[in-house]
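In the working numbering, the protein residues as written are 43 to 111.
The beta carbon of each residue, even a glycine, is placed where N, CA and C say it ideally should be.
Please read all numbers here as calculations on a predicted model, not as lab measurements.
These notes are about the structure you will find just below.
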Amino acid sequence: MPTEGALATAVKEIISAYNSEVQTFTVGTLVPAPDGPHEGPDMYGVCCDRIERGKNATCDCNGPVSWVS
């Protein structure tokens, strides 16, 4: 079981970290990156985890583009 001193030190460190986050946190409006070539409405693609491997892999990040409506 931690001592009273260790608990007090931990609480001070947590409060200090929290205050640092609050002071440095920025709030704003997200601005999306502009569309790249071949991008636009109904033309975005998502690739799954490129680390996925093996015969049961469900991802083909280098294959042809497929369309999902």
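DSSP places ALA48 in the helix class (H, G or I) of the three-state scheme.
In the three-state reduction of the DSSP assignment, VAL53 falls in the helix class, which pools H, G and I. DSSP, reduced to helix, strand and coil, places THR68 outside both helices and strands of the structure shown, so it counts as coil. ALA59 carries a helical assignment under DSSP once its states are collapsed to helix, strand and coil.
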